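Asks: For the record, in the sequence shown the residue sitting at position 20 is 6 according to my numbering, with numbers rising by one throughout. Built from N, CA and C at the ideal position, the CB exists for glycine as well. Remember, predicted model here, so these are calculated numbers, not experimental data.
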Amino acid sequence: MGASFFILCRLRQLAQLRGSRHIAKLEDQPKRGQMLVAFLRPGESPGQVALELQGVTPDAVLDLEQFAEICASMK
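1) Out of Ala10, Ala(-11), Glu55, state which residue places its alpha-carbon closest to the alpha-carbon of Gln40.
2) Quick check on Val42: does DSSP put it in helix, strand or coil?
3) Would you say Pro32 and Ala24 are within 8 angstroms of each other, going by their C-beta atoms?
4) On the CB-based measure, 16 or more other CB atoms within 10 Å of its CB, does Ala58 come out buried or exposed?
5) Who are the near neighbours of Ala46 in its chain, counting only those whose CB is closer than 6 angstroms to its CB and skipping five residues on each side?
6) Please state the DSSP three-state secondary structure of Ala(-11).
7) Using C-beta distances below 8 angstroms, list every residue in its chain close to Leu(-3), excluding the 5 sequence neighbours before and after it, in chain order.
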């Protein structure tokens, strides 16, 4: 579980550096056990970022600020 939070917090940090706070994720892409992640700008839909993300469900879009407290405690 610790490794998952480490990756999540690094994604959050990368999103902040890119001026974003949202990502879209597609599990088991490009193959099983992998995940496609796209950083979204405000108002941008996942399908605008990558063809593979067209039609993803709303639960595939995460607001990374919901993990701020967890990430702050990991420093």
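Replies: So, from the listed chains and residues:
1) Comparing Cα-Cα distances from Gln40 to each of Ala10, Ala(-11), Glu55, the minimum goes to Ala10.
2) The DSSP-derived three-state label of Val42 is coil.
3) Yes, they are a contact pair.
4) Exposed: under 16 other Cβ atoms inside 10 Å.
5) A distance below 6 angstroms between beta-carbons, with the five flanking residues on each side excluded, links Ala46 to the following residues of its chain, in chain order: Ala10, Lys11.
6) In the three-state reduction of the DSSP assignment, Ala(-11) falls in the helix class.
7) Here the set comprises Ile9, Val23, Leu50.
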